[in-house]
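Numbering (the numbering used here), first residue to last: 121 to 375. Using N, Cα and C, we set each Cβ at its ideal position, and we do this for glycine too. The structure displayed is predicted, hence computed values, not measured ones. Down below is the structure, laid out as structure tokens.
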Amino acid sequence: MCFTHIYYIQVGRFITYPTNGRVPRFTKTEEEDQLHPRVWNYEFIQLPLVIKEKQSRPSVTEAEISGLLSSLKERYAVLVALVAGTGLRIGEALAVRTEDFDPDRRVLHVRRSVWHRREQMPKTPSAIRLVDIPERLARVLRGYTEGKDGFLFTTRAGRVLDQRNSLKALHGAGNRGGFHAFRRFRFAVLRRGGAPENLIKLWLGHSQNLMDLYAAQLRYDVAYRREWCEKAGLGFELSELGYKLGAPIRPSLVA
121 MCFTHIYYIQ
131 VGRFITYPTN
141 GRVPRFTKTE
151 EEDQLHPRVW
161 NYEFIQLPLV
171 IKEKQSRPSV
181 TEAEISGLLS
191 SLKERYAVLV
201 ALVAGTGLRI
211 GEALAVRTED
221 FDPDRRVLHV
231 RRSVWHRREQ
241 MPKTPSAIRL
251 VDIPERLARV
261 LRGYTEGKDG
271 FLFTTRAGRV
281 LDQRNSLKAL
291 HGAGNRGGFH
301 AFRRFRFAVL
311 RRGGAPENLI
321 KLWLGHSQNL
331 MDLYAAQLRY
341 DVAYRREWCE
351 KAGLGFELSE
361 LGYKLGAPIR
371 PSLVA
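Here's what the structure looks like:
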């Protein structure tokens, strides 16, 4: 056996032995900081450095979103509008139930996620949150949820939609960027609209720093949240989706 082979076996044992082959989960504080951070010697174990600036981060444009809303079937079109207009992760969006909304569909309580059609806790404690919804999108949701009970996005048999099938529908409509591109789009819209950083973190479910925790009381100021939500707007036209659901949306009114 060559030395290189032995070397990589030993490195593998060094990495996996403490956790019996499982990837270790880091204990975190309430501020989402690692309690006992692990520092790896990448040069010693010869792992490539991850340069975030060079990572592929697919994005989506306003025109592409409007085109998808016109071409997709109703349930997938509403799903795209929801993730692009709120920044929800796809697992969080598929886990949304009608009872998670307030009566006007203006506020969504994110409480769970879905993976392979199974409910689970959201990605992090910060992911359990309130998300304010622009009125133009809320109109569409009021029409779509009328008469519905339970999961918002289901198959004809009543089963919750799967990420794979949803992504297949997206690819079939000509979009190859994946659902996370809509989350990035929402972040850009909020930043461009001047929304406060603490609200962006709240709506997207990002971890909070100490200053965010000091300003936590602002989360309970409904008027404050709603004002910034409407000011930022959607960033895309709802196209024909509003008309299909009986909630006419004039493009000139869409931010």
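Expressed to the nearest angstrom, what Euclidean distance is found between the alpha-carbon atoms of residue i and residue j?
| i | j | result |
| --- | --- | --- |
| residue 200 | residue 167 | 37 Å |
| residue 359 | residue 224 | 22 Å |
| residue 156 | residue 275 | 44 Å |
| residue 203 | residue 165 | 39 Å |
| residue 249 | residue 340 | 11 Å |
| residue 316 | residue 233 | 26 Å |
| residue 303 | residue 325 | 11 Å |
| residue 177 | residue 307 | 13 Å |
| residue 143 | residue 357 | Note that residue 143 scores 49 on pLDDT, short of 50, meaning its location in the model is unreliable and no value can be drawn from it. |
| residue 247 | residue 231 | 8 Å |
| residue 267 | residue 238 | 24 Å |
| residue 218 | residue 290 | 23 Å |
| residue 338 | residue 344 | 7 Å |
| residue 241 | residue 320 | 21 Å |
| residue 257 | residue 282 | 23 Å |
| residue 355 | residue 301 | 14 Å |
| residue 342 | residue 228 | 13 Å |
| residue 392 | residue 186 | Because the chain here runs from 121 to 375, residue 392 falls outside it and cannot be looked at. |
Pick helix, strand or coil for residue i, following the three-state DSSP scheme.
| i | result |
| --- | --- |
| residue 235 | strand |
| residue 280 | strand |
| residue 156 | coil |
| residue 240 | strand |
| residue 211 | helix |
| residue 191 | helix |
| residue 180 | coil |
| residue 337 | helix |
| residue 167 | coil |
What span of residues does the beta strand (DSSP E) with residue i cover, start to end?
| i | result |
| --- | --- |
| residue 251 | 249-252 |
Let me confirm a value: residue i is counted as buried when at least 16 other C-beta atoms fall within 10 Å, else exposed. Which label applies?
| i | result |
| --- | --- |
| residue 212 | buried |
| residue 252 | buried |
| residue 295 | buried |
| residue 292 | exposed |
| residue 309 | buried |
| residue 183 | exposed |
Can you tell me which residues form a DSSP beta bridge with residue i?
| i | result |
| --- | --- |
| residue 230 | 249 |
| residue 217 | 271 |
Where do the ends of the alpha helix (DSSP H) carrying residue i lie?
| i | result |
| --- | --- |
| residue 344 | 342-352 |
| residue 194 | 194-206 |
| residue 293 | Looking at the DSSP string, residue 293 is not in any alpha helix (DSSP H), and its letter there is neither H nor E. |
| residue 95 | Residue 95 falls outside the range modelled here, since the chain spans only 121 to 375, and no answer is possible. |
| residue 262 | 255-265 |
| residue 321 | 317-324 |
| residue 225 | Premise fails: residue 225 is in no alpha helix (DSSP H) and is neither H nor E. |
Any beta-carbon of chain C closer than 8 Å to the one on residue i?
| i | result |
| --- | --- |
| residue 317 | Absence of chain C from the displayed structure is noted, only one protein chain being present. |
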